[in-house]
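Novice:
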Amino acid sequence: MTVRVPAKVNLQLSVGPRRDDGYHDLVNVFHAVSLFDEVTAWDAPRQDTAGPGVTASGEAGSVDGSPDGSVSVAVEGESAARVPLDGGNLAVKAAVALAARAGRRPDVRLRIRKSIPVAGGMAGGSADAAAALVACDALWGLGSPREELMEIAAELGSDVPFALFGGTAVGTGRGEKLTRVPVAGRFHWVFALAEGGLSTAEVYGECDRLREATGEQVGWPSASDDLMAALAIGDAKALGAVLSNDLQPAALLLCRPLARTLAAGREHGALGALVSGSGPTCAFLAESEDHATTLATALEAAGVCRTAVTASGPVPGAEIV
Ligand code: C5P
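Here the working numbering is used: the first residue of the sequence shown is 1148, the next is one more, and so on.
(1) Below 8 Å on the Cβ atoms is my contact criterion, and I expect Thr1428 with Leu1340 to pass it. Report the Cβ-Cβ distance as a whole number of Å.
(2) At which residue ranges does the stretch 1222 to 1266 contain complete beta strand (DSSP E) runs of 3 or more residues, listed in the order of the chain?
(3) Provide the residue span of the alpha helix (DSSP H) that contains Glu1436, from first to last.
(4) Keeping to the same chain, check which residues put their C-beta closer than 8 Å to that of Ala1445; ignore five residues upstream and five downstream.
(5) Measuring only the C-alpha atoms, how far is Pro1192 from Ala1348?
(6) Could you give the distance in angstroms between the alpha-carbon of Ala1383 and the alpha-carbon of Glu1353?
(7) Can you name the start and end residues of the alpha helix (DSSP H) that Arg1356 belongs to?
(8) What are the boundary residues of the beta strand (DSSP E) that includes Gly1271?
(9) So, for Ala1439: in the same chain, excluding its five sequence neighbours on each side, which residues have a beta-carbon less than 7 Å away from its beta-carbon?
(10) Less than 7 Å between the CB of Thr1347 and some heavy atom of the ligand C5P, yes or no?
(11) Here's a check: name, in chain order, each residue in its chain whose Cβ is nearer than 6 Å to the Cβ of His1171, leaving out the five neighbours to either side.
(12) Could you please give the first and the last residue of the uninterrupted beta strand (DSSP E) stretch that includes Leu1173?
(13) Hey, Ala1106 and Met1269 are a contact pair by Cβ (cut 8 Å); roughly how many whole angstroms apart?
(14) Specify, as a first and last residue, the run of the alpha helix (DSSP H) that Arg1293 falls within.
(15) Nearest to Val1328 by alpha carbon, out of Met1375, Asp1306, Ser1219?
(16) So is Gln1364 buried or exposed if we call it buried at 16+ other beta carbons inside 10 Å?
(17) What runs of the alpha helix (DSSP H), each 4 residues or longer, lie entirely inside the stretch 1395 to 1432?
(18) Taking the alpha-carbon positions, what's the Gly1366 to Arg1256 distance?
(19) Is the closest heavy atom of the ligand C5P to the C-beta of Leu1401 under 7 Å?
(20) Under a Cβ-count criterion, where at least 16 other Cβ atoms within 10 Å of its own Cβ denotes burial, should Asp1254 be classed as buried or exposed?
(21) Run through DSSP, which three-state label would Pro1368 get?
(22) Between the C-alpha atoms of Ala1455 and Ala1430, what's the straight-line distance to the nearest angstrom?
(23) Residues in the same chain with beta-carbon distance under 7 Å from Arg1143, minus the five sequence neighbours each way, listed in chain order, please.
(24) May I ask you to verify whether the stretch 1176 to 1187 touches the stretch 1266 to 1282, counting CB pairs closer than 8 Å and requiring at least 3?
(25) Considering only C-alpha positions, which residue in the set Leu1394, Thr1315, Ala1300 is nearest to Pro1308?
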């Protein structure tokens, strides 16, 4: 059972005050883009998953998913070596959580083919978790209602429900309560991938420290009317002008070269340039598909990123292929 799942970029990420549980209330406008990971799930009887799995890519591992079941996971592709292969892998957690809910053993073999950057601020780990939920649900013939998968997704991480949901949506709460946003047309993007990744928790922590140091008072965030209007009429120029990310100052402090990456994109005519989520991937809105290709080439030539990829959005959430 193979599921394709998109990356996300945040068009607006407004971070409210820190809550007692350590999370922040957000207004998070998610936009799914055509940069996909693929997760395949196979039935794996207990004896087949007892030892570490090994694949041709050599990126493999096996973990005990429950006292009487086991999940093995192999990862290939973009930065595969940096994906955890133990119980910390979100796709593994997803399989285990779904099996527990269904009252069965999570005996399954997972293979993740990555194109979404690891720890890149594009919710790659969350995407893999969402894909594993859909793949295992189908493989095990559970037919779980969408709301139930969304509930498990929210327990796995703040961005996992959106990877199921897809399209463009406003996330509130931790980002897990979703409302669909109407969008006309298609937007063209360039993503500049950085060397290494940033920890989401660290970036939120740095954002808190910065706010404390500057005495900035943050109010209750709300979705930008200008952003909603730009999306509703498919106006890329207007959208580029209102993209915003409250985590950007913190990400730029933790990863200083990103300021040059953003500047290079603006110099080459990006309609908007911002750090994607908690970074370090930078997102650039282009005028057209052709402009996105030219912009990606220019960013790579300027030596301000590891690699630059083009994508468009919105696209649907996790889907069986
Ligand atoms: O929910 P998830 O596990 O993806 O969140 C990773 C980390 O990001 C959390 O541990 C927390 O530090 C931070 N976070 C936050 N507020 C949110 C979402 C995430 O502080 N709304």
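All residues carry an ideal CB built from backbone N, CA and C; glycine is no exception. Remember, predicted model here, so these are calculated numbers, not experimental data.
Specialist: To lay it out plainly:
(1) 6 Å
(2) 1255 to 1261
(3) 1436 to 1448
(4) Ala1411, His1415
(5) 36 Å
(6) 31 Å
(7) 1347 to 1361
(8) First-last for Gly1271: 1271 to 1286, but that is the alpha helix (DSSP H), not the beta strand (DSSP E).
(9) His1335, Trp1336, Val1337, Ala1433, Thr1457
(10) yes
(11) Val1162, Gly1163, Arg1165
(12) 1171 to 1190
(13) This structure does not reach residue 1106, given that the chain is present from 1148 up to 1468, and the question cannot be answered.
(14) 1293 to 1303
(15) Met1375
(16) exposed
(17) 1395 to 1401, 1405 to 1414
(18) 46 Å
(19) no
(20) buried
(21) coil
(22) 10 Å
(23) Outside the shown range of the chain (1148 to 1468) lies residue 1143, about which nothing can therefore be said.
(24) yes
(25) Ala1300
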